[in-house]
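Undergrad: Protein chains in written order, with the numbering used here: chain A, 81 to 230; chain B, 26 to 221.
1) Excluding the five sequence neighbours on either side, which residues of its own chain have a C-beta within less than 7 Å of the C-beta of residue 129 of chain B, listed in chain order?
2) Select from B:144, B:161 and B:56 the residue whose C-alpha is nearest the C-alpha of residue 133 of chain A.
3) Apart from the five residues just before and just after residue 106 of chain A, which ones in its own chain have a Cβ nearer than 8 Å to its Cβ?
4) Buried or exposed: which applies to residue 217 of chain A, given that a residue is buried once 16 or more other Cβ atoms fall within 10 Å of its Cβ?
5) Rounded to whole angstroms, how far is the Cβ of residue 110 of chain B from the Cβ of residue 66 of chain B, which I believe are closer than 8 Å?
6) Please check if any C-beta of chain B sits within less than 7 Å of the C-beta of residue 85 of chain A.
7) Run through DSSP, which three-state label would residue 129 of chain B get?
8) Compare the Cα-Cα distances from residue 140 of chain A to each of B:58, B:96 and B:105 and report the closest residue.
9) Using the beta-carbon of each residue, which ones in chain B are nearer than 7 Å to residue 141 of chain A?
10) Is it true that the stretch 95–104 of chain A meets the stretch 196–212 of chain B, where meeting means three or more beta-carbon pairs spaced less than 8 Å apart?
11) Counting only beta-carbon separations shorter than 7 Å, does residue 104 of chain B have a partner in chain A?
12) I want to check one thing, is the minimum distance from the CB of residue 161 of chain A to the heavy atoms of the ligand ZN below 6 Å?
13) Does the Cβ-Cβ distance between residue 173 of chain B and residue 190 of chain B come in under 7 Å?
14) So is residue 91 of chain B buried or exposed if we call it buried at 16+ other beta carbons inside 10 Å?
15) Using 10 angstroms around the beta-carbon of residue 123 of chain B, count the other beta-carbons present and answer buried if the total reaches 16, otherwise exposed.
16) Is it buried or exposed, residue 102 of chain B, if we count other Cβ atoms within 10 angstroms and call 16 or more buried?
17) Taking 7 Å as the cut-off, decide whether the C-beta atoms of residue 112 of chain B and residue 86 of chain B are in contact.
18) Please determine, among B:175, B:150 and B:216, the residue with the shortest C-alpha to C-alpha distance to residue 274 of chain A.
19) By the criterion of Cβ-Cβ separation under 9 Å, what are the contact partners of residue 176 of chain A in chain B?
20) Report the start-end ranges of each beta strand (DSSP E) in the stretch 113–187 of chain A that is 3 residues or longer and not cut off at the edges.
21) Is residue 227 of chain A helix, strand or coil when you go by DSSP?
22) Looking at C-beta atoms only, is the number of pairs between the stretch 48–55 of chain B and the stretch 209–225 of chain A that lie closer than 8 Å three or more?
23) How about residue 194 of chain B and residue 184 of chain B: do their beta carbons lie closer than 7 Å?
24) Between which two residues does the alpha helix (DSSP H) holding residue 150 of chain B run?
25) Would you mind telling me which residues of chain A sit closer than 9 Å to residue 38 of chain B, beta carbon to beta carbon, in chain order?
26) Which of the three DSSP states, helix, strand or coil, is assigned to residue 59 of chain B?
27) Quick one: which chain B residues come within Cβ less than 7 Å of residue 136 of chain A?
28) Could you check the C-alpha separation between residue 71 of chain B and residue 63 of chain B for me, to the nearest Å?
29) Roughly how many angstroms lie between the CA atoms of residue 181 of chain B and residue 211 of chain B, to the nearest whole one?
30) Quick one: give me the first and last residue of the alpha helix (DSSP H) that residue 34 of chain B is part of.
31) Along the chain, where does the alpha helix (DSSP H) containing residue 102 of chain B start, and where does it finish?
32) Using the Cβ count rule (16 or more neighbours within 10 Å means buried), how would you classify residue 157 of chain A?
33) Give me, in chain order, the residues of the same chain whose beta-carbon lies closer than 7 Å to that of residue 183 of chain A; leave out the 5 immediate sequence neighbours on both sides.
34) Does residue 97 of chain B pass the burial test, meaning 16 or more other C-beta atoms within 10 Å, or should it be called exposed?
35) List, in chain order, every chain A residue whose beta-carbon is nearer than 7 Å to that of residue 156 of chain B.
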């Protein structure tokens with residue numbers, strides 16, 4: 081059993097060496113020798129060097145580079161849009177803060193002096209609640225869409 | 026098809042730096058340097074012209090996207106080849122095409138013990154029928170073996186580099202090369218026997 085395994089290993093090693101000798105001979109363009117095994121492997125090497133490949137398009141590199149540039153430009157434009165939105169949000173926040181700082185006391189006085197009927201106050205509260213809920217839905221949906229696009 | 030000299034490691038560093046700095050035409054140069062390797066890997070894996078084109082473009086888009094993560098731990102050629110191989114492998118997995126088939130009866134070949142006397146290489150090379158037989162046998166190989174053989178014989182990529190590209194052990198690559206070539210010789214020998 082062990083002898084059989086050794087013989088198999090030796091024959092496999094011989095076969096591997098014949099394969100590699102054929103590769104080297106083909107790469108170097110060496111003359112054909114007497115060994116039929118090597119000659120057969122040289123024929124196999126020639127077939128492996130000329131497989132039926134799909135031809136590479138002539139302008140492939142330029143096309144890919146243009147696609148990458150287009151993608152990068154689209155990315156920059158998206159960034160600009162988001163920077164614009166951020167700026168608008170910042171202005172709204174700054175405006176609100178300015179109104180509170182400069183007119184906070186006046187607004188508080190006005191709120192204390194103006195009496196609103198209970199029913200109206202309830203309606204205003206309900207409206208504000210629904211508006212907040214709709215705004216939250218729109219916000220979550222926009223964030224989800226943005227995440228999916230990215 | 027001419028074999029172009031692979032760029033040196035210094036040339037690769039300069040090229041990567043130029044691409045990352047956004048220099049005009051730098052990325053196009055990178056694609057031109059490695060398009061042949063990627064094309065051959067993907068074409069041998071998927072064997073579909075339209076898919077090859079799409080996946081090869083996808084490979085370079087990924088290369089551009091992740092180039093800043095490349096740390097020069099392996100040659101750029103192996104890194105890009107690895108991206109191409111994984112893009113093609115994922116495509117085949119999505120289509121449920123196995124990249125490696127295991128024959129029920131072992132490898133379907135036996136080592137040729139009796140060699141035909143006086144095998145004439147020049148005559149055999151001119152024999153279109155033998156050429157067709159070998160190409161048909163190569164095309165019938167599973168995607169992984171076909172790709173490994175193309176990388177080693179056509180692209181002249183070394184066994185350690187093929188191991189890096191495919192993520193397999195060098196011994197496994199050697200085994201695929203040995204068994205596929207022995208199987209091709211077995212078929213060749215049988216065909217010659219029939220012809221004679």
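Glycine included, C-beta positions come from ideal geometry on N, C-alpha and C. Being a predicted model, the structure only gives us computed values, none of them experimental.
TA: The short version:
1) Note that residue 129 of chain B scores 43 on pLDDT, short of 50, meaning its location in the model is unreliable and no value can be drawn from it.
2) B:161
3) 122, 125, 126 and 129
4) Flag for residue 217 of chain A reads exposed.
5) With a Cβ gap of about 6 Å, residue 110 of chain B and residue 66 of chain B count as contacting.
6) no
7) Confidence at residue 129 of chain B is low in this model, with a pLDDT of 43, below 50, so the placement of that residue should be treated as unreliable; the coordinate-derived value is given next. Looking at residue 129 of chain B - three-state DSSP - the assignment turns out to be coil, as it is neither helix nor strand.
8) B:58
9) 53, 56, 57 and 60
10) Contact holds: three or more Cβ-Cβ distances are below 8 Å.
11) no
12) The ligand ZN is not among the ligands present in this structure, which contains no ligands whatsoever.
13) no
14) Residue burial is scored here from C-beta neighbours: residue 91 of chain B has fewer than 16 other C-beta atoms within 10 angstroms and is therefore classed as exposed.
15) exposed
16) buried
17) Cβ atoms of residue 112 of chain B and residue 86 of chain B: not closer than 7 Å.
18) In the structure as shown, chain A begins at 81 and stops at 230. Residue 274 of chain A is therefore absent and cannot be evaluated.
19) Correct list: empty, because the minimum Cβ distance to chain B is about 40 Å.
20) none
21) helix
22) By the Cβ test, the stretch 48–55 of chain B is not in contact with the stretch 209–225 of chain A, since fewer than three Cβ pairs between them sit closer than 8 Å.
23) no
24) 146–151
25) Simply none; closest approach about 20 Å.
26) In this structure, residue 59 of chain B counts as helix in the three-state DSSP scheme.
27) 60, 61 and 64
28) 12 Å
29) 24 Å
30) 34–45
31) 101–119
32) It counts as exposed.
33) none
34) exposed
35) Those are 127, listed as they occur along chain A.
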